[in-house]
Amino acid sequence: MPAKSEEIRNRKQRERQQKLRDADRKAKRPGRDDVARTALFMAISAMAAEGAMEALGTFKKRVVRMLVKQGFDEHESRTVFDGLVEKYRDGDWPFRRKPHLLYPDGADQGD
192 MPAKSEEIRN
202 RKQRERQQKL
212 RDADRKAKRP
222 GRDDVARTAL
232 FMAISAMAAE
242 GAMEALGTFK
252 KRVVRMLVKQ
262 GFDEHESRTV
272 FDGLVEKYRD
282 GDWPFRRKPH
292 LLYPDGADQG
302 D
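Plus 191 on top of the position in the sequence shown (first one is 1) and you've got this note's numbering.
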């Protein structure tokens, strides 16, 4: 009997989560990753544009240190961070548009 109640509980949890995701999408509410991605882009591109390479280096050390504390490899963390710096350095927006947010009725009028 416990397996059945766990199955029911899991199904109800999935339904609740789907309702929350649907409500967030309808409200055009950004998620944590959307905000973090945008903030990281802004921080890196601003430091690079200002030539604040020392500040960017300090920022990198702190980010890498936190990633290592979580269990990530230090060398790989530096490599990924450096790749993001190269990608974000010029300040060009590297993210895909979200037409489902811009045109919720389905008509992508931007292209």
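Glycine included, C-beta positions come from ideal geometry on N, C-alpha and C.
Neighbour-count burial assignment, residue i, 16 or more Cβ in a 10 Å radius
{"i": "residue 272", "result": "buried"}
{"i": "residue 257", "result": "exposed"}
Member of the options whose CA lies at the smallest distance from the CA of residue i
{"i": "residue 135", "options": "207, 235, 230 and 223", "result": "Limits of the chain in this structure are 192 at one end and 302 at the other, which puts residue 135 out of reach."}
{"i": "residue 231", "options": "205, 260 and 254", "result": "254"}
{"i": "residue 242", "options": "198, 280, 227 and 291", "result": "280"}
{"i": "residue 238", "options": "265, 291 and 282", "result": "282"}
Backbone CA spacing between residue i and residue j [nearest angstrom]
{"i": "residue 284", "j": "residue 210", "result": "31 angstroms"}
{"i": "residue 240", "j": "residue 233", "result": "10 angstroms"}
{"i": "residue 218", "j": "residue 225", "result": "14 angstroms"}
{"i": "residue 245", "j": "residue 213", "result": "43 angstroms"}
{"i": "residue 202", "j": "residue 195", "result": "10 angstroms"}
{"i": "residue 287", "j": "residue 229", "result": "12 angstroms"}
{"i": "residue 227", "j": "residue 221", "result": "10 angstroms"}
{"i": "residue 386", "j": "residue 215", "result": "Here the chain covers residues 192 to 302 and nothing more, so residue 386 does not appear."}
{"i": "residue 269", "j": "residue 260", "result": "14 angstroms"}
{"i": "residue 302", "j": "residue 289", "result": "Reliability of the predicted coordinates at residue 302 is poor, the pLDDT of 49 falling under 50, and no value is obtained from them."}
CB of residue i within 9 angstroms of CB of residue j, strictly
{"i": "residue 252", "j": "residue 276", "result": "no"}
Closer than 8 angstroms: residue i CB and nearest the ligand NAD heavy atom
{"i": "residue 293", "result": "The ligand NAD is absent from the structure shown, which contains no ligand whatsoever."}
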